[in-house]
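Numbering (the working numbering), first residue to last: 0 to 86.
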């Protein structure tokens, strides 16, 4: 199972990656500027949208997270943490 972590510029993402990696070593961390096409190429089985600073209503703070959630969320299990959940 490949788990994709979308990093919203917060160091806590690495705590999540370390924990999940104990159970599922196939993890990929990408910046929140990744395009949906690049996500599709990676082919994740699950997506984690990380916490981060800022406001979920400010596009500069959440990058492409909304697009990722809208496109992949209905088909791929997706977990948002803090800012990632608010997006």
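Ideal Cβ positions, reconstructed from N, Cα and C, are used throughout, including at glycine.
Only a predicted model underlies this, so the values are computations on that prediction, with no experimental measurement involved.
Checklist entry - With 16 as the cutoff for other CB atoms within 10 Å, does residue 4 come out buried or exposed? => result Counting Cβ neighbours within 10 Å, residue 4 comes out buried, since at least 16 surround it.
Item to check | Presumed contact (8 Å Cβ cut-off) between residue 63 and residue 31, rounded CB distance | outcome: With a Cβ gap of about 6 Å, residue 63 and residue 31 count as contacting.
Next on the checklist: In whole angstroms, give me the CA-to-CA distance for residue 74 and residue 16.
Outcome noted: Answer to the nearest angstrom: the Cα atoms are 22 Å apart.
Checklist entry - residue 36 lies in the alpha helix (DSSP H); which residues open and close that run? => result Its alpha helix (DSSP H) spans residues 35-41.
Item to check | Selected residue, minimal CA-CA separation from residue 54, among 65, 45, 44 | outcome: For the set 65, 45, 44, the Cα lying nearest the Cα of residue 54 is the one of 65.
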